[in-house]
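Last residue of the sequence shown: number 956 in the working numbering, and the count goes up by one each step with no gaps. Beta carbons: idealized from backbone N, C-alpha and C, even for Gly. Written out below as structure tokens is the structure these notes cover.
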Amino acid sequence: MPVEDIVSRLKRFGEGEIKREDGVSGIDVEDDARLLVNDIERYPHAFVLACIADRQTKSDIAWSLPHAIREAASGFEFDTLRGLSEDQWTSVLASSGHRLATEMVRLLPAAIGHIGDRYGGDASRIWANGSSGAAVARRFLAFDGVGPKIGNMAVNILIRDFGIRLTRPMPDIAVDTHVLRVFERLGLLGRLDHSQLRSTQGKQQLRLQLRARELNPEWPGELDWPAWHLGTKWCHAGRAPECDACCMRPVCPRDGVASQSTVGS
Ligand code: SF4
């Protein structure tokens, strides 16, 4: 199967799964929490805080955090958050269930400080009109605790789920274990099984990023969401993939998947 056909099917799947009126895709949070992180016109800092929190914990905990902070602070205006004491941050984060709660007590107030100092309290200036995708990712990287994965993820969400128009160069794919596994099984990226070197994982992640640029140069990050969604829903890591339920089945070579280990085969 030509690689172009696999990529175009992957992109079609991604487009079909997006319901833009629902805002951020792939999160399962209560309505109040969803409304807050989706209200990027009034509360753009809610989106930024959720992105910073979205690591090493369930994404639903991260995307619920702004709402939990609002409840504790009795408001979510920028100045309200800027006035929160360390004890208030500690209290709300300690009960959030976030695995990195202690680190977030440092990172989230620091993010509010950065938005205040650098953007005058208006986080939407991070993705100001006329910005390139690469510039917005670079601005996210200026936040303490944000690495390349979160930086690219944030910009890809802004474009994909909020329809924010950015110019080229567009953001890279957010390198993630689910995305990597799906790329390998789809035959879009050769495995590096031959190497026992400790650097293999890092090298493979870099190869994934470069491969996405090669396959979809106009917006490498466009491949991020559909691959991640497949990986979390059907193309499992710890158990057999559900190939018969997966929309990529007709074109997928299922590289590295033993035929007897497929659910439903
Ligand atoms: S067909 Fe199977 S191996 Fe291929 S992407 Fe779907 S779940 Fe993964």
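Can you give the Cα-Cα distance for Pro944 and Met692, rounded to whole angstroms? Counting from 1 along the sequence shown, the entry for residue 944 is found at position 253. Counting from 1 along the sequence shown, the entry for residue 692 is found at position 1. So the alpha carbons of these two residues sit roughly 8 Å apart.
Using CA atoms only, rank isn't needed, just tell me which of Arg700, Lys710, Lys749 is closest to Val720. Within the sequence shown, residue 720 is the residue found at index 29, counting from 1. Per the Cα distances, Lys749.
Per-residue DSSP class, three states only, for Ser699: Counting from 1 along the sequence shown, the entry for residue 699 is found at position 8. Assignment of Ser699 by DSSP, reduced to helix, strand and coil, places it in the helix class.
Starting from Tyr810, follow the alpha helix (DSSP H) in both directions and report where the run begins and ends. Against the sequence shown, residue 810 aligns to sequence position 119. From DSSP, the alpha helix (DSSP H) with Tyr810 extends over 792 to 810.
Which value, in whole angstroms, describes the spacing of the CA atoms of Leu914 and Asp863? The residue labelled residue 914 in the question sits at position 223 within the sequence shown. The residue labelled residue 863 in the question sits at position 172 within the sequence shown. Going by C-alpha positions, Leu914 is about 9 Å away from Asp863.
In three-state terms, what does DSSP make of Ser776? For this step, residue 776 is matched to residue 85 along the sequence shown. Correct three-state label for Ser776: coil.
In whole angstroms, give me the CA-to-CA distance for Cys926 and Gln896. On the sequence shown, position 235 is the one that residue 926 refers to. On the sequence shown, position 205 is the one that residue 896 refers to. About 18 Å.
What I want to know is whether the C-beta of Arg1008 ends up closer than 7 Å to one or more non-hydrogen atoms of the ligand SF4. The chain is shown only over 692 to 956; residue 1008 falls outside these bounds and no answer can be derived.
Where do the N-terminal and C-terminal ends of the alpha helix (DSSP H) with Asp946 fall, by residue? Sequence index remark: in the sequence shown, residue 946 carries index 255 (1-based). Taken as a continuous stretch (DSSP letters only), Asp946 belongs to no alpha helix (DSSP H), as it is neither H nor E.
In three-state DSSP terms, what is Thr868? If you number the sequence shown from 1, residue 868 lands on position 177. In the structure shown, Thr868 adopts helical secondary structure according to DSSP, grouped into three states.
Minimum C-alpha distance to Gly947 - residue among Ala936, Pro941, Pro932: The residue labelled residue 947 in the question sits at position 256 within the sequence shown. Of the candidates Ala936, Pro941, Pro932, the one whose C-alpha sits nearest the C-alpha of Gly947 is Pro932.
Whole-number beta carbon distance between Asp745 and Ala801, since they are thought to touch under 8 Å: Within the sequence shown, the letter at position 110 stands for residue 801. Within the sequence shown, the letter at position 54 stands for residue 745. About 16 Å separates the two Cβ atoms, so there is no contact after all.
Count the other C-beta atoms from every protein chain shown that fall within 10 angstroms of the C-beta of Arg872, then say buried if there are 16 or more, exposed otherwise. Taking the sequence shown and counting its residues from 1, the one referred to as residue 872 is at position 181. By the neighbour-count rule (16 or more Cβ atoms within 10 Å), Arg872 is buried.
Inter-residue Cα distance where the pair is Arg809 and Asp935: The residue labelled residue 809 in the question sits at position 118 within the sequence shown. The residue labelled residue 935 in the question sits at position 244 within the sequence shown. Between Arg809 and Asp935, the C-alpha separation is close to 50 Å.
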